[in-house]
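Read through the structure below, which is laid out as structure tokens, and then see the notes.
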Amino acid sequence: MRHLTEDILIQYAFDLLEKDAARSAEEHLSVCTECQQWLTAIQKKFSIMDAIGGEVEPSEALIAKTLAAKTAHAVKTIPFYRKMWVGWAAAAAVAVIGAWVLNTLSKDTTPSKGVPPTEGVASLPSAVRSDATLRGQGPIKSDESLARAKIVSADLIPDVPPFAPASAIELVVLPSPDTMQLTIYNSADLTLVRDTRRLTLKPGWNWLQFMWDGTLIDPTSLSLTPLEYADKIDIQQLVYPARLKDIGRWLIRSEVEGAVPFEITYFASGLSWRAFYMGTMNENETMMNLKGYVNVANNSGQDFQNAQTRLIVGQTRLTEAIAYLAGRYYPYGPDVPRQDWYFERDITDRKHKVRMLGDKVTDGALFSDDWEGRMGGRVLLGTEIKAIEKEGLSEYFLYTIEGTEDLPNTWAKRLPSFDVSDIPVKSLYKYDEDRYGMDTIRFVSFKNDVEHELGDTPIPEGNIRIYRRLNDAQNLSYIGGTDIKYIPVNEDVELNLGASPLVKIEPKLIDSKTDNYTFNGKGDIDGWDEIETWQMKLTNTREIPAEIEITRNFGTDYWDIDLDKNTEGIEYKKHDKSHARFTLTLEPQTEKAFAYTVTKYQGTRSEIYVKQLQEQAQ
Amino acid sequence: MIVYISSGIKDSMQDSDRNLMDAYLGGNAAAFETLVRRHGPTVLGYLTKMTHNRDHAEDLFQETFRKVHEHAASFRGDNLRPWLLTLTAHTAISWYRKAKNNPAVSLNHPLCADGVHCQTLENTLPAGTPEPADLLVLDEQRRQVRNALGKLPEQQRTALVLNYYHQFSCQQIAEALNCSVGTVKTHIFRALKRMAALLPDPAGGIE
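Protein chains in written order, with my numbering: chain A, 1 to 618; chain B, 1 to 207.
Structure follows, in structure tokens:
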């Protein structure tokens with residue numbers, strides 16, 4: 001006897017077999033105990049499906065919502081998502097703003113044929129704008145706005161706003177912002193974002209929803225301001241719905257019907273900027289061309305399109321970091337952190353973005369991977385030089401990048417800041433064991449003033465790299481790089497370019513002895529002189545002269561020095577109490593040596609030395 | 001059975017769906033409420049199983065009844081349930097396809113799984129409820145079923161849920177999904193095969 005297969009038994013149990021097959025299976029089962037047991041086991045297995053019932057009782061609130069909203073258009077929650085494939089424009093959407101137009105004026109509602117007239121709070125097909133008005137048709141022009149916007153009587157607006165249930169909000173993608181402005185306070189990881197959008201209001205009560213999922217904004221800083229009809233539009237409250245993350249809803253009472261420009265402002269984290277400088281010295285290293293760049297990096301989780309970017313130099317004090325506020329589960333209330341979403345991003349997303357952006361923006365532009373890693377993304381080198389306007393504020397300095405920029409998330413963008421030629425510079429090789437060890441350190445100095453072709457603005461802190469033009473073929477050699485601090489106007493700039501192997505200073509102790517002992521009443525030594533003779537060997541293997549500054553620390557305030565005879569061209573001065581400083585110019589490809597003898601007075605000898613100095617002074 | 005509802009209108013089962021729909025089309029808004037209350041549990045039950053998310057289900061619940069309102073005039077027959085569930089199925093399928101194409105970060109995080117069979121203080125306190133251990137088992141079973149259902153392809157899940165939980169015949173499902181009866185049977189069978197693989201074997205189960 002051939003047993004039934006499991007497939008047949010399942011189909012039999014669920015009445016899926018054709019009549020003949022079902023009859024045949026039934027006949028077999030009537031005589032086959034084994035198959036009966038198997039069928040029972042199958043039925044038992046599937047009985048677990050009854051653990052969830054067929055019906056779920058809707059709550060009274062849901063029924064009320066359903067009845068109220070049955071004629072308002074789509075009442076659903078559309079989560080914010082990023083469509084990677086939609087293209088740059090869509091991907092650059094900063095946030096999604098949704099609006100649910102609740103009850104307005106129902107009196108002119110005309111029921112369509114076959115559809116019953118409706119009652120209740122939201123039953124106004126004619127008063128509800130169509131989706132097409134909102135969905136991605138681009139900003140409404142100002143004259144259109146004026147033409148469309150009209151004032152309605154305040155008497156027609158109910159005193160009390162309608163209830164806005166959490167799940168009964170329609171989100172509609174609005175056109176991109178008309179304008180976007182970023183003001184980046186670098187010192188505090190703080191960016192003020194201001195954008196203007198045209199929102200189509202209905203007369204009456206409007207709910208406007210702002211979502212910031214996946215971004216680093218401070219929800220407590222959100223602000224909404226009408227730019228027109230301010231006396232007719234009242235922003236009543238900003239609600240953070242319970243159990244919903246990253247959502248704020250504004251309740252707006254409007255006596256205006258039509259498109260009205262609004263400004264939305266908030267603080268964001270994750271945007272930063274950094275200054276870079278490239279100096280190119282001439283062959284003699286007497287002049288330098290200095291180019292300044294500003295590298296703006298966006299790791300805020302948002303894409304900013306056509307954003308005017310302003311950079312603030314100066315220290316900003318915040319009571320709480322924006323990144324911390326952005327990471328809280330609730331905008332206010334219990335301090336419950338949530339997971340750092342941005343550390344869990346898929347790297348492939350980023351690559352996809354890079355490729356996608358490249359399609360759009362990189363036409364004719366250059367990529368540089370130099371900054372990869374440092375800025376967390378590739379740098380797009382703009383082909384058009386944009387001026388950066390500078391403006392002094394009371395405590396800060398404001399740099400405004402000319403025009404607008406696209407700043408995709410995870411990208412960095414380098415923008416030219418200034419380009420100044422023929423800045424007189426001075427190179428100096430310093431030897432100071434206390435500060436630099438046994439190396440000779442190279443410095444390049446200039447001044448941020450008019451005389452040095454600068455001085456218009458302070459120079460923000462940043463990284464500078466110095467090159468030297470080698471020959472007429474314009475070949476460059478890298479000399480060194482360093483970080484510079486904020487340089488006010490008229491301030492000296494001295495760049496430490498690191499150790500120079502081509503200019504060497506080698507001190508050598510030639511002789512050391514003690515002399516001139518003094519004794520106290522008990523015959524013990526209470527004073528003496530330490531006498532050291534040092535030879536300084538200087539080597540310049542460069543093809544240009546080297547200005548050299550040697551600082552020697554004697555370890556005591558009581559000392560005297562004698563230079564030997566071979567010190568022509570060497571200037572010596574007492575730098576401070578315990579230091580002497582020698583300066584000289586060493587010709588190209590030369591070696592030179594000089595010696596000095598220092599006498600250090602110890603114990604009572606130091607008192608005698610001081611007395612002698614006082615007598616000489618008199 | 002008579003159910004009293006807040007507005008004072010009573011739902012007498014003597015009023016057929018047809019009568020209620022006619023009343024609604026004639027301008028009686030209360031009839032619509034009666035229909036929502038009568039068929040709401042079925043619709044919400046179906047949507048909850050299909051979306052695996054209470055918030056989505058509630059959104060689609062409203063969407064479904066909005067469609068009922070819009071298409072009320074096209075309802076034929078006496079029994080609203082098949083027509084309504086067909087509408088519900090289409091709403092869910094449409095949502096499912098949209099959600100599949102647009103992977104989304106949900107705004108509404110359910111407190112537990114589908115947000116329906118949550119273990120709340122309310123259902124642990126009253127007398128007469130199952131023992132905690134039984135509740136635990138039941139919770140686990142629900143989780144397993146929900147997970148298994150969630151792993152089914154959209155068409156298979158639709159067919160199985162309509163058939164198993166809402167007693168739709170293959171013919172009714174075929175009409176709802178606009179496909180042949182054979183296709184429906186195939187969907188259900190494949191769904192069951194998949195469920196069999198996903199669901200745990202009962203004690204002393206299938207050898």
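Positions of the beta carbon are idealized from the N, C-alpha and C atoms, including for glycine. Bear in mind the structure is a predicted one, so any value in this text is a computation, not a measurement.
According to DSSP, is residue i part of a helix, a strand, or is it coil?
| i | result |
| --- | --- |
| G26 (chain B) | coil |
| T64 (chain B) | helix |
| S223 (chain A) | strand |
| M438 (chain A) | coil |
| D346 (chain A) | Annotation note: pLDDT 39 at D346 (chain A) (below 50); position unreliable, coordinate value reported separately. In the structure shown, D346 (chain A) sits in coil (DSSP, three-state: anything other than H, G, I, E or B). |
| P507 (chain A) | strand |
| Y572 (chain A) | strand |
| T124 (chain B) | Low confidence applies here, because T124 (chain B) scores a pLDDT of 34, under 50, leaving its location unreliable and the question unanswered by this model. |
| W95 (chain B) | helix |
| F32 (chain B) | helix |
| K426 (chain A) | strand |
| W479 (chain A) | In the sequence on display, residue 479 (chain A) carries Ile and not Trp. Residue state, collapsed to three classes: strand. |
| I544 (chain A) | coil |
| Q43 (chain A) | helix |
| T404 (chain A) | coil |
| I78 (chain A) | Caution applies to I78 (chain A), whose pLDDT of 27 falls short of 50 and renders its modelled position unreliable; the model cannot decide the point. |
| W207 (chain A) | strand |
| D159 (chain A) | coil |
| W559 (chain A) | strand |
| N448 (chain A) | coil |
| E530 (chain A) | strand |
Starting from residue i, follow the beta strand (DSSP E) in both directions and report where the run begins and ends.
| i | result |
| --- | --- |
| E257 (chain A) | V256 to A268 |
| V56 (chain A) | Taken as a continuous stretch (DSSP letters only), V56 (chain A) belongs to no beta strand (DSSP E), as it is neither H nor E. |
| W579 (chain A) | Note on residue identity: the sequence assigns His, not Trp, to residue 579 (chain A). Segment H579 to L586, the beta strand (DSSP E) holding H579 (chain A). |
| K291 (chain A) | M287 to N298 |
| V31 (chain A) | V31 (chain A) -> not in any beta strand (DSSP E); alpha helix (DSSP H) instead, spanning K19 to V31. |
| T158 (chain B) | That residue, T158 (chain B), is in no beta strand (DSSP E); its alpha helix (DSSP H) goes E154 to L160. |
| S272 (chain A) | L271 to M281 |
| D492 (chain A) | D492 to A499 |
Which residues in chain B sit within 7 Å of residue i, going by Cβ to Cβ distance?
| i | result |
| --- | --- |
| V56 (chain A) | P41, L44, G45, T48 and V116 |
| T628 (chain A) | With chain A covering 1 to 618 only, the question about residue 628 (chain A) has no answer from this structure. |
| I63 (chain A) | V36, R37 and G40 |
Going by beta-carbon coordinates alone, are residue i and residue j separated by less than 8 Å?
| i | j | result |
| --- | --- | --- |
| I188 (chain B) | F46 (chain A) | no |
| T196 (chain A) | F267 (chain A) | no |
| Q156 (chain B) | R190 (chain B) | yes |
| F594 (chain A) | M536 (chain A) | yes |
| T482 (chain A) | N496 (chain A) | yes |
| G279 (chain A) | Y431 (chain A) | no |
| A307 (chain A) | M211 (chain A) | no |
| L60 (chain B) | L47 (chain B) | yes |
| Y436 (chain A) | W534 (chain A) | no |
Could you pull the start and end residues of the alpha helix (DSSP H) that residue i belongs to?
| i | result |
| --- | --- |
| A194 (chain B) | The question names Ala, yet the displayed sequence has Arg at residue 194 (chain B). Here the alpha helix (DSSP H) through R194 (chain B) covers V181 to L198. |
| L177 (chain B) | C170 to L177 |
| I608 (chain A) | T604 to A617 |
| L9 (chain A) | E6 to A13 |
Am I right that residue i and residue j are in contact with their C-beta atoms under 8 Å? What's the rounded C-beta distance?
| i | j | result |
| --- | --- | --- |
| G527 (chain A) | T518 (chain A) | 4 Å |
| N225 (chain A) | R310 (chain A) | Going by the sequence as given, residue 225 (chain A) is Thr instead of Asn. That pair is no contact at about 19 Å. |
| E70 (chain B) | T91 (chain B) | No, E70 (chain B) and T91 (chain B) are not in contact; Cβ-Cβ is about 12 Å, not under 8 Å. |
| V620 (chain A) | L201 (chain A) | Since the displayed chain A opens at 1 and closes at 618, residue 620 (chain A) lies outside it and no answer follows. |
| L67 (chain A) | V36 (chain B) | 6 Å |
| G214 (chain A) | G301 (chain A) | 5 Å |
| L222 (chain A) | L238 (chain A) | 6 Å |
| V160 (chain A) | T265 (chain A) | Not confirmed; about 29 Å, so no contact. |
| T410 (chain A) | N299 (chain A) | 6 Å |
By the criterion of Cβ-Cβ separation under 7 Å, what are the contact partners of residue i in chain A?
| i | result |
| --- | --- |
| Y164 (chain B) | M49 |
| Q172 (chain B) | Going along chain A, no residue has its Cβ under 7 Å from Q172 (chain B), so there is no contact; the nearest lies around 13 Å. |
| K185 (chain B) | L16 |
For residue i, go through chain A and note every residue whose CB falls closer than 8 Å to its CB, in chain order.
| i | result |
| --- | --- |
| I188 (chain B) | F14 and L16 |
| L85 (chain B) | Near L85 (chain B) there are no residues of chain A at all, since even the closest Cβ is about 11 Å away, more than 8 Å. |
| L80 (chain B) | Those within 8 Å of L80 (chain B) in chain A number zero; the least Cβ separation is about 15 Å. |
Give the interface partners of residue i over in chain B, defined as CB-CB distance under 8 Å, in chain order.
| i | result |
| --- | --- |
| G53 (chain A) | G45 and Y165 |
| Q36 (chain A) | Near Q36 (chain A) there are no residues of chain B at all, since even the closest Cβ is about 13 Å away, more than 8 Å. |
| I10 (chain A) | F189, L192, K193 and A196 |
Please confirm whether any heavy atom of the ligand FMN lies closer than 7 Å to the CB of residue i.
| i | result |
| --- | --- |
| H28 (chain A) | For the ligand FMN, the structure offers nothing, since it holds no ligand at all. |
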